[in-house]
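In the working numbering, the protein residues as written are 39 to 283.
Ideal placement from N, C-alpha and C gives every residue a C-beta, glycine not left out.
A quick write-up on the structure given underneath.
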Amino acid sequence: MISLEGVAKSFAAGPRPFEAVAPLCLRVGSGEVFGIIGFSGAGKSTLLRLINLLERPTAGEIWVGGQRLDLLDAAALRQARRRIGMIFQQFNLLHNHSALENVCFPLRIAGLKGEAVAARARQCLELVGLADKAAHYPAQLSGGQKQRVAIARALATEPQVLLCDEPTSALDPHTTRELLAVLRDINQRLGVTIVIVSHSLAVVRALCDRVAVMENGRVVEELDLRQAEPPQPRSDAARRLFEAV
Ligand SMILES: Nc1ncnc2c1ncn2[C@@H]1O[C@H](COP(=O)(O)OP(=O)(O)O)[C@@H](O)[C@H]1O
Ligand SMILES: [Mg+2]
Numbered sequence: 039m040i041s042l043e044g045v046a047k048s049f050a051a052g053p054r055p056f057e058a059v060a061p062l063c064l065r066v067g068s069g070e071v072f073g074i075i076g077f078s079g080a081g082k083s084t085l086l087r088l089i090n091l092l093e094r095p096t097a098g099e100i101w102v103g104g105q106r107l108d109l110l111d112a113a114a115l116r117q118a119r120r121r122i123g124m125i126f127q128q129f130n131l132l133h134n135h136s137a138l139e140n141v142c143f144p145l146r147i148a149g150l151k152g153e154a155v156a157a158r159a160r161q162c163l164e165l166v167g168l169a170d171k172a173a174h175y176p177a178q179l180s181g182g183q184k185q186r187v188a189i190a191r192a193l194a195t196e197p198q199v200l201l202c203d204e205p206t207s208a209l210d211p212h213t214t215r216e217l218l219a220v221l222r223d224i225n226q227r228l229g230v231t232i233v234i235v236s237h238s239l240a241v242v243r244a245l246c247d248r249v250a251v252m253e254n255g256r257v258v259e260e261l262d263l264r265q266a267e268p269p270q271p272r273s274d275a276a277r278r279l280f281e282a283v
């Protein structure tokens, strides 16, 4: 579903460009839940944002659903991005719009009109268990509810892929567990491929099939979490992350 081939990202910074993501290859299968874990500044968000071209790669090829994204023009990229939803740590909801209107937003941008917009938006709110909160404004919702609205909005255009950047980092442990259950449900019921960035091993363990450990812009290790026995990290970064729990 996702294939990054020799992808790298440098930022202009003073005399020498800063390499936030060193050339790497990464593949995520259809229906997989893939984690990206690492300490702050490791390059996790940059790597995630490369997948939907929010960051433009300075090298390599980005493939999603069999389509090479880094060669598309702006219009084709907008179209392709409908197949890739994204949620963020700070929810990024429109504050002066109700939950329902927030979910309607991407549908209108996609050109959907009339009754179909609200109908599909309601369906998405139902999917995340918030049908009864459609008329509420973000300020009237808890953190967990806001993130569920953001998930509903991200799913509105029926994406094949959902990118999640630290989606539970602003939530308490109980709400985090609830939100992880929503994500698991979406993966299992809709078959949506999920890539989730986190600095929490507990989050990654609870949700992911596989995880890439990042340090200094590099994937230093990939671990398979589907095994019965606990994973044996080899890299220093992974060991320190595992000890930090
Ligand atoms: N737009 C940018 N311009 C310059 N440097 C950036 C930019 N975005 C990220 N970086 C740098 O790239 C590195 C990785 O950042 P990021 O991907 O946000 O890490 P993480 O999500 O793992 O905390 C950091 O050193 C950060 O300062
Ligand atoms: Mg980040």
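Ligand 1 has a heavy atom closer than 7 Å to the beta-carbon of Ser78.
Between the beta-carbon of Met252 and that of Leu64 there is about 10 Å, and that puts the pair past the 8 Å contact cut.
In the three-state DSSP reduction, Gly76 falls in the coil class, being neither helix nor strand. For Arg264, the closest of Phe280, Val257, Asp247, Arg256 by C-alpha to C-alpha distance is Asp247. Counting other Cβ atoms within 10 Å of its Cβ, Ile147 stays below 16 and is therefore classed as exposed. Annotated three-state conformation of Phe49 is strand, per DSSP.
Note that the C-beta distance between Arg191 and Val155 is not below 8 Å. Thr96 and Leu201 have their C-alpha atoms roughly 21 Å apart.
Non-local beta-carbon contacts of Leu165 in its own chain, meaning distances under 6 Å to residues more than five positions away in sequence, are absent. Your pair Pro144 and Ala219 does not check out as a contact, with CB atoms roughly 24 Å apart and the cut at 8 Å. DSSP links Val242 through a beta bridge to no other residue. The distance from the Cβ of Gly81 to that of Gly255 is about 4 Å, consistent with a contact at the 8 Å cut-off. Following the DSSP letters along the chain, one finds Ser180 in no beta strand (DSSP E), marked with neither H nor E. According to the DSSP secondary-structure assignment, Asp170 is paired through a beta bridge with no residue. Nearest C-alpha to Arg119 among Leu91, Leu109, Leu62: Leu91.
With a cut-off of 7 Å, the C-beta of Thr84 is classified as near ligand 1, since at least one heavy atom of the ligand falls inside that distance.
Rounded to the nearest whole angstrom, the C-alpha separation of Arg54 and Leu138 is 46 Å. Counting C-beta pairs closer than 8 Å gives three or more between the segment 233-245 and the segment 69-76, which meets the contact rule.
DSSP, read as helix, strand or coil, puts Phe129 in coil.
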